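Just so you know, the sequences run in chain order C and V.
In terms of this note's numbering, the first sequence is numbered consecutively and its last residue is 568.
In terms of this note's numbering, the second sequence is numbered consecutively and its last residue is 111.
Yeah, the Cβ is synthetic: ideal placement off N, Cα and C, and Gly gets one too.
For clarity, every value in this text was computed on a predicted model and none was experimentally measured.
As structure tokens, the structure follows; a few thoughts come after it.
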Amino acid sequence: MRYWKHAGIVLLLLGLPFVIPIACRNPPALEAPGIAEAPAGSIPQRTKEENAALGRQHKTAWELYQALKAEAKGGQALTAATVPDWSGVYSRPADKGFTFDPDTPPGVATTAKLTAEFQAKLDKRIADVKRGIEWDPISTCAPPGHPRWLTEPFLREFVPTPTQTWLINEMVNDIRRVYTDGRDHVPPEDRYPLYNGDSIGFWDGGKLVVHTNQLQGGIYQRQNPDFTDQVETVEIWRKADAMTIAADVWVYDPPALAEPWYVQQRYGKLANPDKALRIRYWNCAENSNNAVHQTQDGTTQFNGFTFGQAGKK
Amino acid sequence: MSRRLMQAIAVLGVLASGSARGLAHHSAAMFDEKKTITVEGEVKEFQLTNPHSWLLVDVKDKNGKVTTWGFEAEGPSTLARAGIKPSDLRPGTKLKITGNPMKDGRPAAIWVNAVLADGKALNPRAGFAVR
Chain C
256 MRYWKHAGIV LLLLGLPFVI PIACRNPPAL EAPGIAEAPA GSIPQRTKEE NAALGRQHKT
316 AWELYQALKA EAKGGQALTA ATVPDWSGVY SRPADKGFTF DPDTPPGVAT TAKLTAEFQA
376 KLDKRIADVK RGIEWDPIST CAPPGHPRWL TEPFLREFVP TPTQTWLINE MVNDIRRVYT
436 DGRDHVPPED RYPLYNGDSI GFWDGGKLVV HTNQLQGGIY QRQNPDFTDQ VETVEIWRKA
496 DAMTIAADVW VYDPPALAEP WYVQQRYGKL ANPDKALRIR YWNCAENSNN AVHQTQDGTT
556 QFNGFTFGQA GKK
Chain V
-19 MSRRLMQAIA VLGVLASGSA RGLAHHSAAM FDEKKTITVE GEVKEFQLTN PHSWLLVDVK
41 DKNGKVTTWG FEAEGPSTLA RAGIKPSDLR PGTKLKITGN PMKDGRPAAI WVNAVLADGK
101 ALNPRAGFAV R
């Protein structure tokens, strides 16, 4: 009998080299909610040119949003089982700088078709920078606000849930909430300007379609154009591949834009093997060495430093 | 193209891009980005703060007079993406550091690159690469 015991151990040892690789190749399927493959949806994946033309076909962001909703047959409600997996820490590539349209060709100031008034403002801004004069309205720690929110090169997380999606930017602890529970915007008579506006949306397969209004004016980014408090956007967010979250963005802003501005935004998933990249609380006022003011000639200057000659901290 | 090669190109792109040089909270107009200065000294304090971190470096001149220079960089998460950790820059750490100086002559600069005694290079701008 004891020989049979030994034979069993020998057979087990002989079999291990075959069993272990098979087990490693075929880990148990994840059945937890939120790991589902996204269905295709009804809105087709259009080319950049087709999307730009689509924007021009609609007079307002709201009209475009309603057209997309009709195309998606109203969209589908997410459930715990169909929430897409957008987990990870992402950032916007900065290899082409921080311009609002990441596909802006070198040497081109902007791909936006601006009204004459706003083109003149942009021309002056760029000329001032060449003279060494530049002031950024977020220098006093104000949040960038949407649509500039799309451009900042810091850590990001994207968190879909069945009833709302959180679009998180590390900078100033900035979170855009997109409500997908069927609610409408705030009534027009009760709207007031907000940094990130009011965002509602619907899901079409793995695509999140968003309409944002109730925004306040700002700049798209340094050395980029201005937008006004009439700006509204439509965005289609999706997971483009395992390493990329992408957004098609249409901006409507009649005082500043001669026609809707369509851009593609992409956010790359950061390698984070040791899980060291974590979004921390961002207190813009915590270090007085960062405090700046606008000088009389309109440029930027530090208020003062806590360091310098020996004996001073 | 291999992923590693693409990553290297992305980092080089960030380093080559003038647009990426601007500091993300405020303009860099007070710095002279056409000039660089290099000093040798030892770390006095590493202020890991948002929106910008400051590396304070004590620099001794030939007469023994100490000036504390401040080198401004991005916040802690961007530095972490560049592989720069608090443990690299404890007070007393000796280093050679290069930056774009202030136009008005005050002892402050944009931190461009630092080299530790063991040769390790610390380049904050590498933290903007997505890889």
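DSSP puts residue i in a beta bridge; with which residues?
| i | result |
| --- | --- |
| residue 489 of chain C | C:466 and C:505 |
| residue 298 of chain C | For residue 298 of chain C, which the question treats as bridged, DSSP gives no partner whatsoever. |
| residue 423 of chain C | C:412 and C:430 |
| residue 318 of chain C | Paired residues: none, contrary to the question. |
| residue 500 of chain C | C:494 and C:522 |
| residue 37 of chain V | V:23 and V:49 |
| residue 369 of chain C | C:512 |
| residue 331 of chain C | C:458 |
| residue 74 of chain V | V:22 |
| residue 69 of chain V | According to DSSP, residue 69 of chain V bridges with nothing at all. |
| residue 91 of chain V | V:79 |
In chain order, what residues of the same chain lie with their CB nearer than 7 Å to the CB of residue i, ignoring the 5 residues before and after it?
| i | result |
| --- | --- |
| residue 432 of chain C | 419, 421 and 454 |
| residue 334 of chain C | 417 |
| residue 24 of chain V | 36, 37, 38, 48 and 71 |
| residue 313 of chain C | 319 and 322 |
| residue -19 of chain V | Low confidence applies here, because residue -19 of chain V scores a pLDDT of 43, under 50, leaving its location unreliable and the question unanswered by this model. |
| residue 523 of chain C | 345, 346, 348, 498 and 499 |
| residue 384 of chain C | 478 |
| residue 403 of chain C | 473, 474, 475 and 476 |
| residue 460 of chain C | 293, 294, 295 and 296 |
Using a cut-off of 7 Å between C-beta atoms, extract the partners of residue i located in chain C.
| i | result |
| --- | --- |
| residue 36 of chain V | 562 |
| residue 9 of chain V | 387, 388, 389, 554 and 555 |
| residue 31 of chain V | 539 and 545 |
Applying a beta-carbon distance threshold of less than 9 Å, which residues of chain C neighbour residue i?
| i | result |
| --- | --- |
| residue 87 of chain V | 560, 562, 563 and 564 |
| residue 71 of chain V | Ordered by position in chain C, no residue passes the 9 Å Cβ test against residue 71 of chain V, which lies about 13 Å from the chain. |
Look at the Cβ atom of residue i, then the Cβ atom of residue j, and state whether they are nearer than 9 Å.
| i | j | result |
| --- | --- | --- |
| residue 87 of chain V | residue 49 of chain V | yes |
| residue 319 of chain C | residue 330 of chain C | no |
| residue 369 of chain C | residue 511 of chain C | yes |
| residue 16 of chain V | residue 63 of chain V | no |
| residue 506 of chain C | residue 492 of chain C | no |
| residue 560 of chain C | residue 476 of chain C | no |
| residue 521 of chain C | residue 357 of chain C | yes |
| residue 557 of chain C | residue 542 of chain C | no |
| residue 82 of chain V | residue 554 of chain C | no |
| residue 484 of chain C | residue 377 of chain C | no |
| residue 397 of chain C | residue 450 of chain C | yes |
| residue 452 of chain C | residue 425 of chain C | no |
| residue 76 of chain V | residue 94 of chain V | yes |
| residue 494 of chain C | residue 299 of chain C | no |
Which residues in the same chain as residue i place their Cβ atom closer than 8 Å to its Cβ, once the five residues preceding and following it in sequence are excluded?
| i | result |
| --- | --- |
| residue 552 of chain C | 388 |
Nearest chain V C-beta to residue i closer than 9 Å, yes or no?
| i | result |
| --- | --- |
| residue 404 of chain C | no |
| residue 513 of chain C | no |
| residue 409 of chain C | yes |
| residue 537 of chain C | yes |
| residue 489 of chain C | no |
| residue 486 of chain C | no |
| residue 506 of chain C | no |
| residue 363 of chain C | no |
| residue 518 of chain C | no |
| residue 384 of chain C | yes |
Using C-beta distances below 6 Å, list every residue in its chain close to residue i, excluding the 5 sequence neighbours before and after it, in chain order.
| i | result |
| --- | --- |
| residue 490 of chain C | 465, 502 and 504 |
| residue 412 of chain C | 423 |
| residue 549 of chain C | 390 |
| residue 546 of chain C | 558 |
| residue 18 of chain V | 78 |
| residue 30 of chain V | 55 |
| residue 359 of chain C | 366 |
Closer than 9 Å by beta-carbon distance: list the chain V residues that pair up with residue i, in chain order.
| i | result |
| --- | --- |
| residue 547 of chain C | 5, 6, 7 and 10 |
Taking 8 Å as the line, does the beta carbon of residue i fall inside it for any heavy atom of the ligand NAD?
| i | result |
| --- | --- |
| residue 316 of chain C | In terms of ligand content, the structure shown is empty, and the ligand NAD therefore cannot be addressed. |
At a CB-CB cut-off below 7 Å, which residues of chain V make contact with residue i?
| i | result |
| --- | --- |
| residue 523 of chain C | 110 |
| residue 297 of chain C | Neighbours of residue 297 of chain C on chain V: none; closest Cβ ~31 Å, over 7 Å. |
| residue 425 of chain C | 57 |
| residue 526 of chain C | 111 |
Using a C-beta cutoff of 9 Å, does residue i count as contacting chain C?
| i | result |
| --- | --- |
| residue 66 of chain V | no |
| residue 50 of chain V | yes |
| residue 91 of chain V | no |
| residue 104 of chain V | no |
| residue 42 of chain V | no |
| residue 100 of chain V | no |
| residue 74 of chain V | no |
Run down chain V in chain order and give the residues with a C-beta less than 8 Å from the C-beta of residue i.
| i | result |
| --- | --- |
| residue 431 of chain C | In chain order: nothing, as chain V lies at least about 18 Å away. |
| residue 532 of chain C | 57, 60 and 61 |
| residue 394 of chain C | 5, 6 and 7 |
Using a C-beta to C-beta distance shorter than 8 Å, which residues of chain C count as neighbours of residue i?
| i | result |
| --- | --- |
| residue 16 of chain V | Within 8 Å Cβ-Cβ: nothing; residue 16 of chain V doesn't reach chain C, min ~17 Å. |
| residue 78 of chain V | In chain order: nothing, as chain C lies at least about 18 Å away. |
Would you say residue i lies against chain B (beta-carbon separation less than 9 Å)?
| i | result |
| --- | --- |
| residue 542 of chain C | Considering every chain present, this structure includes no chain B. Its protein chains are C and V. |
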